[in-house]
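Working notes, structure below.
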Amino acid sequence: MEDEFTPDDALRQIDEVDRRARRPARSMAMTFTVMGFATIAYWLVMSLGPGWSKGVAGVTWIALTVASVVQMHRMGVKDREVEWVNRPTGPVTVAYCVLTVAVMVFGVFLRPDDPGGLWVAALVVLTVGTSLPLFYAVWRILRAAR
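So, in structure tokens, the structure goes:
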């Protein structure tokens, strides 16, 4: 007895294949989201936290970086947007690196002995700004995955 394969069944199969093909890109978008929020927490702790918390933040940052690189290579994501985001000379990478250096200089080297409210507010704005390239990458990946 032969099974009937209706047009609706074919569309469901196509949607399922499409969903599976886009899942790795969505997973990378989640990785960039986590790294974006971790960037904010990391720089706030490194600039304002006590000595022991800076060590914890540093170890956590290294672990997150290694985990994200391993995940990306294990998944073998071949999505055009993910590759665009990860280009070493791409706008996301360059903006993230420049902003990271800026927040490091501001938060570590230019930190006053007793930071006031205005300095802390500027640091918060800078740390959130540092994560914006990562959130832009998430938006690009998810927009393309529709």
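Each residue of the sequence shown is one higher than the one before, starting from 1 at the first, in UniProt numbering.
The beta-carbon is built from N, C-alpha and C at its ideal position, and this holds for glycine as well.
Note that the structure is a prediction, hence the values are computed from the model and not measured.
Item	Value
Cβ of VAL98 within 8 Å of Cβ of PHE32?	no
Is TYR92 near TYR136, with beta carbons less than 8 Å apart?	Note on residue identity: the sequence assigns Val, not Tyr, to residue 92. Yes, the Cβ-Cβ distance between VAL92 and TYR136 is below 8 Å.
Measuring straight from C-alpha to C-alpha, what distance separates ALA57 and VAL124?	17 Å
What number of angstroms, rounded off, separates the C-alpha of VAL105 from the C-alpha of ASP15?	48 Å
On the premise that ALA95 lies in contact with PRO133, defined as a C-beta separation below 8 Å, what is that separation, rounded to the nearest angstrom?	4 Å
According to DSSP, is THR65 helix, strand or coil?	helix
Got a sec? Which residues, its chain only, sit under 6 Å from ALA29 by beta carbon, not counting five neighbours each side?	VAL138, ILE141, LEU142
Hey, could you find the ends of the alpha helix (DSSP H) ALA90 is sitting in?	According to the sequence provided, residue 90 is Gly. The question's Ala does not apply to it. That residue, GLY90, is in no alpha helix (DSSP H); it is neither H nor E in DSSP.
Considering only C-alpha positions, which residue in the set MET72, GLY36, GLN71 is nearest to SER131?	GLY36
Of the residues VAL45, ARG87, PRO24, which one's Cα is nearest the Cα of ARG111?	VAL45
Following the continuous alpha helix (DSSP H) through PHE135, name the residue where it begins and the one where it ends.	117-144
Are there 16 or more other CB atoms within 10 angstroms of the CB of SER47, so buried, or fewer, so exposed?	buried
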